[in-house]
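Basically the numbering used here = 1-based index in the sequence shown + 5.
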Amino acid sequence: MKTTFKKIYRKMRNIDYWILIPYLVLCLIGVVMVYSASAAIRMQTGGSPVNYLIKQIVFVLMGWGVFGFFASLNLEKLRTKGVLGLSFGVLLVALLFVKVAGRAVNGANGWINLGPISIQPAEFTKLFMIVYWADRCTKVNDELHRPSMQDYVSGLILTAILLILIIIQPDVGGFSINFAIAALMIMASGYNSRWTILIFDGLLFVGMIALPSLAKVVATGHIKNYQVARFVAFVNPFGTQSGAGSQLVNSYYAISNGGLKGVGLGNGIQKMGYLPEPNTDFILSVVSEELGFIGVFLILALLAVIICQIIRVGVRSDNMYEGLLCYGVGTFIAVEAAINVGGVTGLLPITGVTFPFISYGGSSMIALSIALGLAMNVSIRQKLRRKNQRRLQAIRQRGLGNEL
């Protein structure tokens with residue numbers, strides 16, 4: 006027992022503060038903003054505004070707990086066949102369950118109710134993608150110098166199964182993030198087939214052509230789907246202001262009201278029944294209105310520090326598995342933030358993706374904290390290895406000096 010605590014203490018002494026401090030600050034800002042954004046909703050329904058605050062504090066504390074656990078865990082244990090197989094099985098059952106009997110939120114059956122709490126399996130699928138593809142790509146490159154598509158086929162089939170189960174919920178945001186994680190990790194591992202790049206470009210081109218046409222079809226009433234309606238609002242928000250476009254239009258108003266310095270914490274207007282999901286999907290709009298551009302810039306800067314440091318750790322790693330873990334975590338956080346920011350500013354369609362560490366929610370907070378714990382673990386291991394190398398080098402130099 007003492008030996009275990011000594012190992013943990015030794016690791017904790019080598020914490021990467023470029024990851025830890027921004028993470029803690031973002032979580033605290035999130036608690037404050039969730040309370041501010043949720044108070045109006047809770048008061049309108051007759052409940053206590055403190056309820057959301059208490060829940061978010063619990064989520065943050067749970068997040069800190071799993072962050073510390075995964076920061077000190079032996080990473081090799083995560084890549085065993087037993088752990089990966091069990092994880093895939095649990096996710097498969099969970100994703101099938103949410104489609105059949107899951108709780109629907111905004112038209113998507115993505116939640117499992119477990120008494121007083123709800124779990125979103127798609128959030129934890131992102132973690133599986135990171136660990137699985139880090140392990141898969143490392144093993145392929147250990148065995149072959151030039152990996153081919155055949156080496157990835159089994160992994161691609163497994164990934165496709167999970168992605169299909171996510172998109173049929175339908176959860177476009179979760180699908181996009183999981184797809185991005187898998188794709189970027191494969192490319193980062195050294196697989197740079199030219200035709201794969203052409204496929205990505207072709208899909209993007211087809212999407213750009215099809216989107217306006219699809220929006221026109223839905224606008225005429227031939228298709229009724231809340232996800233597609235969001236695309237219509239994205240194309241012409243003010244033309245659908247009384248319907249699906251109200252979300253984006255009120256987000257614009259919130260951003261405009263905030264200006265540079267904001268109207269003051271708790272003084273936002275758009276959260277008072279005008280802006281939907283002010284404590285989750287559109288919390289950045291509330292931040293913009295109450296804390297202004299300065300507040301939004303601070304949050305984005307803190308998140309950028311985390312992402313850049315994670316990528317830096319990955320680049321400096323001499324262990325492919327650890328490096329790919331960092332690339333996966335960096336992609337997870339960066340893509341999730343980009344989709345949310347794009348949604349609230351009208352640069353991307355609204356997909357229901359929350360903002361990392363700021364938005365209300367337990368599944369997102371815990372999944373992100375686990376991912377960040379993995380990146381912290383890699384950083385700590387790097388520091389320990391460098392210290393050991395310097396110590397061995399010093400011993401060798403002293404030995405040579407004694408011989409002379």
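Note that CB positions come from ideal geometry on N, CA and C, so glycine has one too.
Throw me the rounded Cβ distance for the residue i and residue j pair, which I believe falls under 8 Å.
i, j, result
"L411", "F360", "The question about residue 411 has no answer, for the chain in this structure spans 6 to 409."
"F298", "G263", "7 Å"
"I171", "G160", "Not quite, the Cβ-Cβ distance comes to about 17 Å (not below 8 Å), so this is no contact."
"F64", "M370", "5 Å"
"G195", "T285", "Rounded, the Cβ-Cβ distance is 38 Å, inconsistent with contact."
"I182", "K131", "6 Å"
"A193", "Y57", "Actually they do not touch by this definition, with Cβ atoms about 38 Å apart."
"V37", "I62", "Contact flag wrong, Cβ pair sits at about 11 Å."
"V358", "N345", "5 Å"
"Q125", "S293", "Q125 to S293, Cβ: 25 Å. No contact."
Taking the alpha-carbon positions, what's the residue i to residue j distance?
i, j, result
"K392", "A376", "25 Å"
"S364", "L168", "24 Å"
"A44", "L163", "42 Å"
"Y22", "P175", "38 Å"
"A106", "I117", "8 Å"
"L307", "S92", "31 Å"
"C313", "A380", "12 Å"
"K82", "I315", "21 Å"
"G115", "L96", "12 Å"
"G351", "T85", "42 Å"
"R18", "A139", "26 Å"
"F184", "L33", "30 Å"
"V254", "I355", "12 Å"
"I311", "F337", "12 Å"
"L66", "G120", "20 Å"
"L353", "V177", "12 Å"
"A342", "A399", "44 Å"
"Q275", "F72", "34 Å"
"Y421", "K60", "Any answer about residue 421 is impossible in this case: the structure gives the chain only from 6 up to 409."
"L4", "Y257", "Given a span of 6 to 409 for the chain in the structure shown, any question on residue 4 remains unanswerable."
"V55", "G87", "42 Å"
"K388", "Q402", "21 Å"
"R395", "A188", "37 Å"
"I122", "G94", "22 Å"
"L397", "G68", "37 Å"
"I24", "L78", "17 Å"
Start and end of the alpha helix (DSSP H) containing residue i?
i, result
"I182", "177 to 193"
"S261", "251 to 263"
"Q61", "55 to 76"
"L329", "325 to 350"
"I311", "288 to 321"
"F93", "86 to 106"
Using CA coordinates, which residue listed in the options is at the minimum distance from residue i?
i, options, result
"I186", "L91, S92, S251, F129", "F129"
"Y413", "Q252, P54, L265, L33", "Since the first residue of the chain shown is 6 and the last is 409, residue 413 is not available in this structure."
"I191", "I173, N284, V158", "V158"
"G319", "I311, A309, V310, L330", "L330"
"V136", "G357, L397, S293, L80", "L80"
"G347", "T85, G333, S290, N19", "S290"
"E282", "N19, V36, A42", "A42"
"G70", "G378, E341, K131", "G378"
"V349", "I260, G335, E295, L397", "I260"
"A309", "V340, R321, E294", "V340"
"V103", "R390, A127, S181, Q402", "A127"
"L89", "R317, F133, I166", "F133"
"R390", "A165, A99, R321, I274", "R321"
"I46", "L189, M277, Q394, I173", "M277"
"A99", "A188, I166, G87, A342", "I166"
"I173", "L101, P54, Q402", "L101"
"A76", "R396, V55, I20", "I20"
For the beta strand (DSSP E) containing residue i, list its first residue and its last residue.
i, result
"I173", "Taken as a continuous stretch (DSSP letters only), I173 belongs to no beta strand (DSSP E), as it is neither H nor E."
"S1", "A query on residue 1 cannot be resolved here, the shown segment of the chain reaching from 6 to 409 and no further."
Check your understanding: Quick one: any contact between the stretch 302 to 311 and the stretch 266 to 284, if contact means 3 or more CB pairs under 8 Å?
Key -> The stretch 302 to 311 vs the stretch 266 to 284: no contact.
**Study point:** Touching by the beta-carbon criterion (3+ pairs, under 8 Å), the stretch 127 to 145 and the stretch 320 to 333
**Key:** As far as the Cβ criterion goes, the stretch 127 to 145 touches the stretch 320 to 333, which means the pair count is three or higher.
**Study point:** Contact the stretch 27 to 39 vs the stretch 384 to 399: 3+ CB pairs below 8 Å
**Key:** Contact between the stretch 27 to 39 and the stretch 384 to 399 is absent, because fewer than three Cβ pairs lie under 8 Å.
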